[in-house]
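Right, one structure below, let's go through it.
2 protein chains.
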Amino acid sequence: MSRHKILIVEDEPVIAENISLYLDNNDFEVSGIAYDAAEAFDQLKTNTPDAVILDINLESDHSGIDIAQHINQRYQLPFIFLTSYADKNTLERAKQVKPDGYIVKPFNERTLLASLEIAISNYAERKNHGLPGLSMDKLNRYLHTPFSDREFEIVCLVYQGMTNSQIAEMVFISQNTVKTHLKNIHLKMDANTRLEVINNLRNLMLK
Amino acid sequence: MSRHKILIVEDEPVIAENISLYLDNNDFEVSGIAYDAAEAFDQLKTNTPDAVILDINLESDHSGIDIAQHINQRYQLPFIFLTSYADKNTLERAKQVKPDGYIVKPFNERTLLASLEIAISNYAERKNHGLPGLSMDKLNRYLHTPFSDREFEIVCLVYQGMTNSQIAEMVFISQNTVKTHLKNIHLKMDANTRLEVINNLRNLMLK
DNA sequence: CCTGCATTCACCCCAACGGGTGATTTTTAT
DNA sequence: ATAAAAATCACCCGTTGGGGTGAATGCAGG
């Protein structure tokens, strides 16, 4: 697991350096520091950060929120906001660009660290919506009664939209057996139809 | 826009009260305070919070992470973690249950406020009518034959897992009409079942 | 006017799904 | 060795879904 590369966008050099040092000492790599929006756009183009820390209140023409929009449009990276003060309007605008975290100065450094970690892992999770993102371990953490190997295999096929007979054919068992497994899956997931199963899975994976 | 109801799960009465007061003064409604896991489970059942603030390190048998799992399984509510200390293992476990925010004590109260707001709005966004970011315009760009208003309305409900009779009830038309619309939707989307429709939609939304 | 188009609904048929019950075999763990 | 869990399959029955056909209404634009 290589260190995650972070871009810091912060016009206050002291704070920026501070964060940079702290990240460097805690398994992150600082891919760059941008002191204004222009530099931020530049760094986004040349570097390939895994996440961005964005000060909302930059002293330049662009606010951090504009940069966030740019990130959403162009790079689809996770970012967290950093601010010393946010009025209702700013907070409203900040919410609209869907940040992956929000931290108010003065902040505990562990807050930043935890927020970053969670932002990155949640973001990675959101990117893998297909089946590949869902491991049996991950799924079982959300269930009262864990799935068996077979059940997991079948629930994946259900998720892909397979019918019982298609599943039966693929897994080399009878349709009756598929139905039995599905029945147990319904019980374990507290669902009544395969559509509920699929919705539950999607909700769990999005979390 | 009514005040969002928050459940606080925190074994330290002083902190819990503190948060409660602060939220109350800032457009939130505290639906309850739980001082241990049992109370938390109880409150989750009886109250209907919009979000939960969870202390990770409870002094009881259950940790906040267990409660988080319970929330994921049963209630699918947004929650944010609150902690005074988190080692690597705890943080790892915390990440796995996909919190919607993470705050380290001592925290700036505005941090809490912003995190809560963002957690709730992001969560609503994710749940939001099934088709996050998919407008009829956007969808129609991918179709040979565009959808009518009614068809779009119905396809959204299908995507959410509604049955034909449920849709009929919601839209105030007969099940036969729903079937007719769905038939046309199948044609336009080149699908044979509602599950294929759902899969197609999901694929389209991911560009 | 009248021609599309959207919307509404009916009826038939069969395949698929979900619930219930019960049973056998294989695998795993103690 | 034996008990527990997992996996296999069968049969019944009622509900739902999907395909086909047909048709009435209302509304907008040429």
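Residue numbers (this note's numbering), protein chains in the order written: chain A, 1 to 207; chain B, 1001 to 1207. Note that CB positions come from ideal geometry on N, CA and C, so glycine has one too. What you are looking at is a predicted structure, and each value in this text was computed from that prediction instead of being measured.
Do the stretch 25-33 of chain A and the stretch 67-82 of chain A meet, that is, are 3 or more Cβ pairs less than 8 Å apart?
Segments in contact, no.
What are the start and end residues of the beta strand (DSSP E) that includes Ser31 (chain A)?
From DSSP, the beta strand (DSSP E) with Ser31 (chain A) extends over Phe28 to Ala34.
Can you list, in chain order, the stretches of the beta strand (DSSP E) that have 3 or more residues and sit fully within the stretch 109-197 of chain A?
Whole beta strand (DSSP E) segments, 3+ residues: zero.
Is the CB-CB distance between Glu10 (chain A) and Ile67 (chain A) below 9 Å?
No, the pair does not count as a contact, with Cβ atoms beyond the cut-off.
Give, in chain order, every residue of the stretch 32-64 of chain A whose Cβ lies closer than 9 Å to some Cβ of chain B.
Here the close residues number zero.
Taking the straight line between their C-alpha atoms, what separation do you get for Ile1173 (chain B) and Ser1084 (chain B)?
Each residue's alpha carbon lies about 55 Å from the other.
Less than 9 Å between CB atoms is the rule here; does Lys1005 (chain B) satisfy it with respect to chain A?
No, Lys1005 (chain B) does not count as interfacial toward chain A.
Could you check whether the Cβ of Ser1165 (chain B) sits closer than 9 Å to any Cβ belonging to chain A?
Not an interface residue.
Expressed to the nearest angstrom, what Euclidean distance is found between the alpha-carbon atoms of Asn1199 (chain B) and His186 (chain A)?
C-alpha separation (whole angstroms): 20 Å.
Shortest alpha-carbon distance to Leu1143 (chain B) belongs to which of B:Lys1005, B:Pro1049 and B:Met1189?
For the residues B:Lys1005, B:Pro1049 and B:Met1189, the minimum Cα distance to Leu1143 (chain B) belongs to B:Met1189.
In chain B, what lies closer than 7 Å to Ala114 (chain A) by C-beta?
Within chain B, the residues near Ala114 (chain A) are Ala1086, Leu1091, Tyr1102 and Val1104.
Could you tell me the boundaries of the beta strand (DSSP E) in which Leu82 (chain A) lies?
Here the beta strand (DSSP E) through Leu82 (chain A) covers Phe79 to Thr83.
According to DSSP, is Leu7 (chain A) helix, strand or coil?
Strand, per DSSP.
Taking 9 Å as the CB-CB cut-off, is Thr1193 (chain B) touching chain A?
Yes, contact with chain A.
How would you list, in chain order, the residues of chain B whose beta-carbon sits under 8 Å from the beta-carbon of Leu204 (chain A)?
Going along chain B in sequence order, the residues near Leu204 (chain A) (Cβ under 8 Å) are Asn1072.
Between Ala68 (chain A) and chain B, is there a C-beta pair that is closer than 9 Å?
Taking Cβ atoms only, chain B never reaches closer than 9 Å to Ala68 (chain A), which makes this a no.
How is Val1014 (chain B) classed by DSSP in three states: helix, strand or coil?
Reduced to three states, the DSSP call for Val1014 (chain B) is helix.
Using a C-beta to C-beta distance shorter than 9 Å, which residues of chain B count as neighbours of Phe107 (chain A)?
Those within 9 Å of Phe107 (chain A) in chain B are Val1104, Phe1107, Asn1108 and Thr1111.
Between Val1104 (chain B) and Ala114 (chain A), which are expected to be in contact by the criterion C-beta below 8 Å, what is the C-beta distance as a whole number of angstroms?
Their Cβ separation, rounded to whole angstroms, is 6 Å, which keeps Val1104 (chain B) and Ala114 (chain A) in contact under 8 Å.
Who are the Cβ neighbours of Phe1081 (chain B) in its own chain at under 6 Å, not counting the five residues just before and after it?
So the list reads Leu1054, Ile1056, Ala1094, Pro1099 and Tyr1102, once near-sequence residues are dropped.
Excluding five sequence neighbours on each side, which residues of the same chain lie with their C-beta closer than 7 Å to the C-beta of Ser1165 (chain B)?
Same-chain partners within the cutoff: Gln1175.
How would you call Ser2 (chain A), buried or exposed, if buried means at least 16 neighbouring beta carbons within 10 angstroms?
Under this definition Ser2 (chain A) is an exposed residue.
Just to confirm, are Leu1058 (chain B) and Asp1036 (chain B) a CB contact at a threshold of 9 Å?
A contact, by the Cβ cut-off of 9 Å.
Using the Cβ count rule (16 or more neighbours within 10 Å means buried), how would you classify Ala124 (chain A)?
By the 10 Å Cβ count, Ala124 (chain A) comes out exposed.
Can you look up Ile56 (chain A) in the DSSP assignment and give me helix, strand or coil?
Reduced to three states, the DSSP call for Ile56 (chain A) is coil.
Taking 9 Å as the CB-CB cut-off, is His129 (chain A) touching chain B?
Its pLDDT being 43, under 50, His129 (chain A) is placed unreliably by the model, and nothing is read from it.
What is the DSSP secondary structure of Tyr102 (chain A), counted as helix, strand or coil?
Strand.
Quick one: give me the first and last residue of the alpha helix (DSSP H) that Phe41 (chain A) is part of.
Note, Phe41 (chain A): alpha helix (DSSP H), Ala37 to Thr46.
So which residues on chain A does Glu1117 (chain B) lean against when the C-beta distance must stay under 7 Å?
Chain A residues near Glu1117 (chain B): Leu91 and Lys95.
Comparing alpha-carbon positions, which option in A:Thr177, A:Thr180 and A:Val197 lies nearest Gly161 (chain A)?
Looking at the Cα atoms, A:Val197 is the closest of the given residues.
Are Gln43 (chain A) and Leu91 (chain A) touching if we call contact CB-CB under 9 Å?
Against a cut-off of 9 Å, the Cβ pair of Leu91 (chain A) and Gln43 (chain A) comes out as no contact.
For Gln69 (chain A), which residues of its own chain have a beta-carbon under 6 Å away from its beta-carbon, when the five flanking residues on both sides are left out?
Correct list, in chain order: Val97.
If we ignore side chains and look at the alpha-carbon of each, how far apart do Ile1118 (chain B) and Ile167 (chain A) end up?
Approximately 41 Å, taken between the alpha carbons.
Quick one: is Glu1196 (chain B) near chain A, going by C-beta distance under 9 Å?
So yes, Glu1196 (chain B) belongs to the interface.
Whose C-alpha, out of A:Leu204, A:Leu182 and A:Ser63, is nearest the C-alpha of Phe152 (chain A)?
Answer by Cα proximity: A:Leu182.
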